[in-house]
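Peer 1:
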Amino acid sequence: MKRFFKPIEKEGSSKKAALSASLKDDDDSEASAPDKKEPLKFVTWNANSLLLRVKNDWPEFTKFVTNLDPDVIAIQEVRIPAAGSKSASKNQGELKDDTSTSREEKQILMRALSSPPFANYRVWWSLSDSKYAGTALFIKKCFQPKKVSFNLDRIASKHEVDGRVILAEFETFRLLNTYSPNNGWKEEENSFKRRRKWDKRMLEFVIQSSDKPLIWCGDLNVSHEEIDVSHPDFFSAAKLNGYIPPNKEDCGQPGFTLAERKRFNAILKEGKLIDAYRFLHKEKDMERGFSWSGHPIGKYRGKRMRIDYFLVSESLIGRIASCEMHGQGIELQDFYGSDHCPVSLELSEASSCPSPQKN
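12 is the number of the first residue of the sequence shown in our numbering; add one for each residue after it.
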């Protein structure tokens with residue numbers, strides 16, 4: 012997301028890049044253990060290049076995952092290119108390895124993911140053609156989703172453009188991991204129009220998916236309300252090179268324009284979705300209440316937004332045990348090298364209907 016952030020203008024292979032055996036095969040005893048319950052503990056994180064995090068910040072992130080022990084890890088902005096040469100169609104579910112550089116990068120990544128605690132997870136990828144966007148979903152091998160798809164239309168073999176969606180269906184709920192496109196600054200095809208189209212499709216998806224509870228997580232690239240940004244006036248007045256959109260509702264920082272926030276509100280309302288973090292945390296928290304933070308040097312120092320979410324169906328509201336942001340402060344403590352910090356959600360176990368009391 013950070014490439015869209017600018018200061019406020021002053022006024023007046025032949026070898027497939029598949030998962031390694033330890034990540035892909037379901038032959039360990041935990042993976043095949045019977046009667047395992049569904050995931051209850053989740054983490055979402057925009058890694059801002061998973062390969063860079065592996066190279067530079069992996070010991071710290073590994074310690075975080077080991078201590079928290081999530082059942083599911085949803086990653087956005089992995090920035091790993093999909094398999095396929097320049098002249099060939101891409102396989103968005105496979106890592107590129109047809110050049111010496113891509114093979115080396117794949118080896119680095121696979122070594123990291125083949126070691127504890129990540130070896131306990133199976134990984135699904137949805138990747139862009141280049142080092143841009145992309146998502147990954149890590150699910151403990153003891154939890155077997157009924158189906159995994161990579162698009163909002165739930166067509167088995169299709170991936171969203173830029174690998175922005177992974178949808179895992181379990182027995183009693185669906186888990187959606189998305190890297191929502193940034194709104195951008197100008198009225199052009201890869202900016203406002205792209206985001207409007209995305210929001211329209213998301214609205215249709217949540218309405219059509221009402222037959223089963225939904226957990227939707229990821230970098231959604233929007234701050235719902237003023238409480239969700241550190242400096243509302245700053246973000247409302249933001250411009251790029253003095254450009255003012257023709258519609259005043261499109262003015263301001265991408266992710267905090269009135270148009271985006273209205274559409275997001277409609278998605279929550281029509282999809283009967285609850286913002287798990289805000290459900291538990293009613294007050295503004297200037298230290299831990301934001302998932303994205305501006306660069307510690309420059310005009311965005313201390314300017315922060317909450318754009319990474321866990322949204323859950325209203326039917327799950329009684330099971331929200333915790334939802335926390337794990338980074339803090341303007342120096343990006345516990346962001347693990349990214350400009351986003353991890354966010355976690357924990358649900359309590361589903362309770363069976365109580366037996367009627369005898370008089």
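For every residue, glycine included, the Cβ atom is placed at its ideal position computed from N, Cα and C.
Because the structure is a prediction, the values reported are computed rather than measured.
For a minimum of 4 consecutive residues, which ranges assigned as the alpha helix (DSSP H) are wholly contained in the region 249-334?
Peer 2: 269-282, 287-291, all fully within the region 249-334.
Peer 1: Using 9 Å as the threshold, is the C-beta distance between Leu214 and Arg274 below it?
Peer 2: As a first step, residue 214 must be located in the sequence shown, where it is residue number 203. As a first step, residue 274 must be located in the sequence shown, where it is residue number 263. In this structure, Arg274 lies closer than 9 Å to Leu214 by Cβ.
Peer 1: Are there 16 or more other CB atoms within 10 angstroms of the CB of Tyr288, so buried, or fewer, so exposed?
Peer 2: As a position in the sequence shown, residue 288 is number 277, starting the count at 1. Burial call: buried.
Peer 1: Is Val89 helix, strand or coil when you go by DSSP?
Peer 2: By one-based count along the sequence shown, residue 89 stands at place 78. Coil, per DSSP.
Peer 1: Using DSSP bridges, identify the partner residues of Asn102.
Peer 2: Position 91 of the sequence shown, counted from the first residue, corresponds to residue 102. BP columns for Asn102 point to Ala94.
Peer 1: By Cβ distance below 7 Å, which residues in the same chain neighbour Ser220 in space, the five residues on each side in sequence not counted?
Peer 2: Translated into the one-based positions of the sequence shown, residue 220 becomes position 209. Contacts found: Arg185.
Peer 1: In the DSSP assignment, what residue or residues form a beta bridge with Glu357?
Peer 2: Start at 1 with the first residue of the sequence shown, and residue 357 comes out as number 346. Looking at the DSSP assignment, Glu357 forms a beta bridge with Lys52, Ser333.
Peer 1: If you draw a straight line from the alpha carbon of Phe203 to that of Val83, how long is it in whole angstroms?
Peer 2: Residue mapping note: residue 203 aligns to position 192 of the sequence shown, counting from 1. Residue mapping note: residue 83 aligns to position 72 of the sequence shown, counting from 1. So the alpha carbons of these two residues sit roughly 32 Å apart.
Peer 1: Where are the alpha helix (DSSP H) runs, 4 residues long or more, that stay fully inside the region 177-254, in chain order?
Peer 2: With a minimum length of 4 residues, the continuous alpha helix (DSSP H) runs that stay inside the region 177-254 are 203-219, 243-248.
Peer 1: Note the first and the last residue of the continuous beta strand (DSSP E) segment covering Leu148.
Peer 2: The count along the sequence shown starts at 1 and reaches residue 148 at position 137. Looking at the DSSP string, the run of the beta strand (DSSP E) that includes Leu148 is 146-151.
Peer 1: On the criterion of 16 or more Cβ atoms from any shown chain inside 10 Å, does Ile150 qualify as buried, or is it exposed?
Peer 2: Residue numbering aside, residue 150 sits at position 139 when the sequence shown is read from its first letter. Result: buried.
Peer 1: Going by DSSP in three states, Ser113 sits in which element: helix, strand or coil?
Peer 2: Sequence index remark: in the sequence shown, residue 113 carries index 102 (1-based). In this structure, Ser113 counts as helix in the three-state DSSP scheme.
Peer 1: Rank Glu180, Val323, Ile341, Leu163 by C-alpha distance to the C-alpha of Asp286 and give the top, closest one.
Peer 2: Position 275 of the sequence shown, counting from 1, holds the residue named residue 286. It is Val323.
Peer 1: Give me the residue from Trp196, Glu200, Pro257, Ser234 with the minimum Cα distance to Leu251.
Peer 2: Along the sequence shown, one-based indexing puts residue 251 at 240. Ranking the options by Cα distance to Leu251, first place goes to Trp196.
Peer 1: Taking only three categories from DSSP, how would you classify His351?
Peer 2: Along the sequence shown, read from residue 1 onward, the residue named residue 351 stands at position 340. Three-state result, His351: strand.
Peer 1: Alpha carbons only, please: which of Ala361, Ile255, Pro192 is nearest the one belonging to Ser326?
Peer 2: As a position in the sequence shown, residue 326 is number 315, starting the count at 1. The candidate whose alpha carbon is nearest that of Ser326 is Ala361.
Peer 1: Starting from the Cα of Glu180, find the closest Cα among Phe321, Phe161, Glu171 and give me that residue.
Peer 2: Here residue 180 corresponds to residue number 169 of the sequence shown, with the count starting at 1. When only C-alpha atoms are compared, the closest one is Phe161.
Peer 1: So, using beta-carbon positions, are Trp303 and Asp345 closer together than 9 Å?
Peer 2: Here residue 303 corresponds to residue number 292 of the sequence shown, with the count starting at 1. Here residue 345 corresponds to residue number 334 of the sequence shown, with the count starting at 1. No, they are not a contact pair.
Peer 1: According to DSSP, is Arg175 part of a helix, a strand, or is it coil?
Peer 2: Residue mapping note: residue 175 aligns to position 164 of the sequence shown, counting from 1. In the structure shown, Arg175 sits in coil (DSSP, three-state: anything other than H, G, I, E or B).
Peer 1: Mapping the DSSP letters down to three states, classify Gln118 as helix, strand or coil.
Peer 2: Taking the sequence shown and counting its residues from 1, one reaches residue 118 at position 107. Here Gln118 sits in helix by DSSP.
Peer 1: Please list, in chain order, all residues of the same chain as Ser355 whose beta carbon is under 6 Å from its beta carbon, the five residues on each side excluded.
Peer 2: Indexing the sequence shown from 1 puts residue 355 at position 344. For Ser355, where only same-chain residues beyond five positions count, the Cβ hits under 6 Å are Val54, Glu335.
Peer 1: Pull up the distance between the alpha-carbon of Asp230 and that of His337, whole angstroms please.
Peer 2: As a first step, residue 230 must be located in the sequence shown, where it is residue number 219. As a first step, residue 337 must be located in the sequence shown, where it is residue number 326. Cα to Cα, Asp230 sits roughly 15 Å from His337.
Peer 1: Please tell me whether Gly300 and Ile341 are closer than 9 Å, where the distance is taken between their beta carbons.
Peer 2: Numbered from its first residue, the sequence shown carries residue 300 at position 289. Numbered from its first residue, the sequence shown carries residue 341 at position 330. The answer is no: Cβ separation not under 9 Å.
Peer 1: Please report the distance separating the alpha-carbon of Arg330 from that of Lys74.
Peer 2: Taking the first residue of the sequence shown as 1, we reach residue 330 at position 319. Taking the first residue of the sequence shown as 1, we reach residue 74 at position 63. Computed Cα separation, rounded: 27 Å.
Peer 1: Helix or strand or just coil, what does DSSP make of Asn57?
Peer 2: Here the question's residue 57 lines up with position 46 in the sequence shown. Looking at Asn57 - three-state DSSP - the assignment turns out to be strand.
Peer 1: Taking the alpha-carbon positions, what's the Pro8 to Glu200 distance?
Peer 2: With the chain covering 12 to 370 only, the question about residue 8 has no answer from this structure.
Peer 1: Between Leu269, Asp210, Pro224, Tyr254, which lies nearest to Asp244 when the distance is taken from Cα to Cα?
Peer 2: Against the sequence shown, residue 244 aligns to sequence position 233. Cα-wise, what sits closest to Asp244 is Leu269.
Peer 1: In three-state DSSP terms, what is Lys66?
Peer 2: Residue mapping note: residue 66 aligns to position 55 of the sequence shown, counting from 1. Of the three classes helix, strand and coil, the one that applies to Lys66 here is helix, per DSSP.
Peer 1: Where Ile226 and Leu187 are concerned, what is the direct C-alpha to C-alpha distance, given to the nearest angstrom?
Peer 2: Within the sequence shown, numbered from 1, the residue matching residue 226 stands at position 215. Within the sequence shown, numbered from 1, the residue matching residue 187 stands at position 176. Those two C-alpha atoms are separated by around 6 Å.
Peer 1: Between which residues of its own chain and Ala123 is the CB-CB distance below 6 Å, once the five residues before and five after are set aside?
Peer 2: The residue labelled residue 123 in the question sits at position 112 within the sequence shown. Excluding positions up to five away in sequence, the list reads Val65, Trp69.
Peer 1: Residues in the same chain with beta-carbon distance under 7 Å from Ser359, minus the five sequence neighbours each way, listed in chain order, please.
Peer 2: In the sequence shown, counting from the first residue as 1, residue 359 sits at position 348. The residues are Arg330, Ala332.
Peer 1: If we call anything under 9 Å between Cβ atoms a contact, is Gln103 one with Asn57?
Peer 2: By 1-based counting over the sequence shown, the position of residue 103 is 92. By 1-based counting over the sequence shown, the position of residue 57 is 46. It is not a contact, given that the beta carbons lie outside the stated cut-off.
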